[in-house]
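Chemist: The structure that follows is given in the form of structure tokens.
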Amino acid sequence: MATIGFIGLGNMGGPMAINLARAGHRVRGFDLSAEVLQAVAAQGVEAAVSAPAAAADADVVISMLPAGRHVAALYLGANGDGSNSSGPGLFEQLKPGALVIDSSTIDAATARQVAAAADARGIDFIDAPVSGGVGGACAGTLAFMVGGSAGQFERARPILASMGKNLFHAGAHGAGQVAKACNNMLLGILMAGTSEALNLGIRNGLDPAVLSGIMQQSSGNNWVLQVYNPVPGVMETAPASHDYRGGFQVDLMFKDLGLALELSQHSAVPVPMGSQARNLFHLHKQAAASNGALDFSSVLQLYQGH
Ligand code: NAD
């Protein structure tokens with residue numbers, strides 16, 4: 034069993050750290066929020082006073098933070114990218130041979146920059162963003178898409194298996210983040226397109242449940258129709274039937290579409306549909322200050338003129 038430092042214990046990181054503790058690992062966690070730190074401390078994760086304290090003597094460090102600047106600041110320090118951290122980064126402190134897993138959804142360029150700095154110090158770093166949401170984090174069924182060497186992937190496998198079910202080696206460093214950006218861009222497009230089609234049918238007199246059933250058995254069938262219908266009342270388990278609460282926030286989808294666009298710019302690869310989807314989610318965010326916190330299937334309301 035490993036000694037694991039876990040940084041960032043929010044909606045995703047909290048349950049992931051708890052699952053590692055349940056699997057028998059010694060887990061020391063740190064988060065800027067005292068509230069979330071207290072919540073995980075009640076479930077087997079030791080609360081540390083700082084990120085360096087959580088990572089002290091750790092065999093493995095895992096981070097689950099909002100964005101690339103937080104990850105660069107954590108590992109590379111204030112000078113990593115000039116962001117909000119003070120003091121040296123964790124790479125100054127970790128022992129050579131330590132394994133570092135960043136599961137945050139961030140830009141591939143930062144993931145590669147941090148991986149190169151780790152490599153220079155003899156630290157194994159992988160980018161390992163996840164899919165599966167808070168439900169998957171709690172149930173330990175997340176999908177991990179990993180960027181790093183084959184050896185690093187194999188080394189991380191038993192740790193990842195305590196938090197997830199489907200483990201994919203996407204390719205070299207940064208490939209995990211590229212895979213995540215591609216998947217979530219497609220998800221954003223599918224949600225906007227499915228909402229558009231459903232709204233067209235509803236406004237032309239169709240019952241949304243009937244139309245959804247027809248499209249599920251026809252060539253328009255997709256994941257959104259199968260498990261995440263955006264029309265309230267069509268699917269009892271979907272966030273749409275619960276005032277668009279829970280699920281995956283509009284703000285996070287907007288962030289992920291931004292990462293896809295950034296990638297498209299760096300690689301000069303066109304993403305006109307992804308770009309359009311991002312504009313739609315942006316308009317939806319601007320329609321009401323509270324929309325950013327709703328589940329992303331609420332983009333249907335944009336079509337409905339709310
Ligand atoms: P969250 O806001 O609930 O958690 C992030 C946590 O990081 C917060 O508790 C915050 O206090 C903490 N934090 C920020 N800076 C810190 C620092 N310097 N040191 C220590 N703690 C710090 O967000 P989340 O939903 O858990 O998402 C985390 C990451 O996972 C994001 O990159 C997100 O895009 C990705 N993700 C989220 C979901 C989802 O459904 N929520 C799904 C897949 C991936």
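Using my numbering, the first residue of the sequence shown is number 34, and each one after it goes up by one.
The beta-carbon is built from N, C-alpha and C at its ideal position, and this holds for glycine as well.
How would you write the range of the alpha helix (DSSP H) that Val-147 sits in, first residue to last?
Modeler: Residues 141-153.
Chemist: On the three-pair Cβ rule with 8 Å, is the region 126-133 touching the region 93-109?
Modeler: In short, these stretches touch, since the Cβ pair count reaches three.
Chemist: Note down, in chain order, each residue of its chain lying with its Cβ closer than 7 Å to the Cβ of Leu-296, except the 5 sequence neighbours on either side.
Modeler: Cβ neighbours of Leu-296 beyond the five flanking positions: Ala-141, Val-211, Ala-214.
Chemist: Exposed or buried, Arg-190, counting other C-beta atoms within 10 Å across all chains shown (16 or more means buried)?
Modeler: By the 10 Å Cβ count, Arg-190 comes out exposed.
Chemist: CB-CB under 7 Å to Met-224, same chain, minus the five flanking residues each way: which ones, in chain order?
Modeler: So the qualifying residues of the chain are Val-257, Pro-263, Phe-329, Ser-330, Val-332.
Chemist: Of the residues Asp-92, Gln-282, Asp-90, Asp-64, which one's Cα is nearest the Cα of Ala-80?
Modeler: Among Asp-92, Gln-282, Asp-90, Asp-64, the Cα nearest to that of Ala-80 belongs to Asp-64.
Chemist: Please classify Gln-186: does DSSP put it in a helix, a strand, or coil?
Modeler: Strictly speaking, residue 186 in this sequence is Phe, with Gln absent from that position. Here Phe-186 sits in helix by DSSP.
Chemist: Thinking Met-178 and Ala-203 are a contact (beta carbons under 8 Å), I'd like their distance in whole angstroms, please.
Modeler: Indeed, because the Cβ distance is near 5 Å, the residues count as touching under 8 Å.
Chemist: Where does Ser-245 land, buried or exposed, given buried means 16+ other C-beta within 10 angstroms?
Modeler: That one is buried.
Chemist: Give me the residue from Tyr-277, Ser-228, Ala-100 with the minimum Cα distance to Asn-356.
Modeler: It is not possible to answer for residue 356, since the shown part of the chain is limited to 34 through 339.
Chemist: Look up Gly-115 in the DSSP assignment and say whether it is helix, strand or coil.
Modeler: Its pLDDT being 41, under 50, Gly-115 is placed unreliably in this model, and the value from its coordinates should be taken loosely. It is coil, neither helix nor strand.
Chemist: For Gly-280 versus Ser-274, is the C-beta distance shorter than 7 Å?
Modeler: Not closer than 7 Å, so no.
Chemist: Skipping 5 residues on each side, what residues in its chain have a beta carbon closer than 7 Å to that of Arg-120?
Modeler: According to the sequence provided, residue 120 is Gly. The question's Arg does not apply to it. Taken in chain order, the residues that qualify are Gly-110, Ala-111.
Chemist: Compute the minimum distance between the beta carbon of Ile-40 and the heavy atoms of the ligand NAD, and state whether it is under 6 Å.
Modeler: Flag set: Cβ of Ile-40 near the ligand NAD.
Chemist: Can you give the Cα-Cα distance for Gly-115 and Ile-40, rounded to whole angstroms?
Modeler: Residue confidence is low: Gly-115 scores 41 on pLDDT, short of 50, so the model does not pin down where it sits. Its coordinate-derived value is still stated next. Roughly 20 Å between the two C-alpha positions.
Chemist: Roughly how many angstroms lie between the CA atoms of Gln-126 and Ala-153, to the nearest whole one?
Modeler: Answer to the nearest angstrom: the Cα atoms are 14 Å apart.
Chemist: Gly-77 lies in the alpha helix (DSSP H); which residues open and close that run?
Modeler: Taken as a continuous stretch (DSSP letters only), Gly-77 belongs to no alpha helix (DSSP H), as it is neither H nor E.
Chemist: Would you kindly work out how many angstroms separate the C-alpha atoms of Ala-72 and Gly-173, rounded to a whole number?
Modeler: If you take the alpha carbons of Ala-72 and Gly-173, they lie about 18 Å apart.
Chemist: Going by DSSP, name the residue or residues bridged to Ser-36.
Modeler: For clarity, residue 36 is Thr in the given sequence; the question names Ser instead. Bridge partners of Thr-36: Arg-59.
Chemist: Please name the residue, chosen from Ala-106, Gly-307, Ala-54, that lies closest to Met-218 on a Cα-to-Cα basis.
Modeler: Ranking Ala-106, Gly-307, Ala-54 by Cα distance to Met-218 puts Gly-307 first.
Chemist: Tell me which residues share the same chain as Ser-118 and place their Cβ nearer than 7 Å to its Cβ, disregarding the 5 neighbours each side in the sequence.
Modeler: Model confidence at Ser-118 stands at a pLDDT of 46, short of 50, so the residue's coordinates are unreliable; what they give is reported in the following sentence. Taken in chain order, the residues that qualify are Ala-106, Leu-107, Gly-110, Ala-111.
Chemist: Express the C-alpha separation of Val-167 and Met-45 in angstroms, rounding to a whole number.
Modeler: The straight-line gap from Cα to Cα measures roughly 6 Å.
Chemist: Report the start-end ranges of each alpha helix (DSSP H) in the region 211-249 that is 4 residues or longer and not cut off at the edges.
Modeler: Listed in chain order, the complete alpha helix (DSSP H) runs (minimum 4 residues) inside the region 211-249 are 241-249.
Chemist: Apart from the five residues on each side of it in sequence, which residues of its chain come closer than 7 Å, Cβ to Cβ, to Met-268?
Modeler: Result list for Met-268: Asn-262, Ser-274, in chain order.
Chemist: Under the three-state reduction of DSSP, which class applies to Val-304: helix, strand or coil?
Modeler: In this structure, Val-304 counts as coil in the three-state DSSP scheme.
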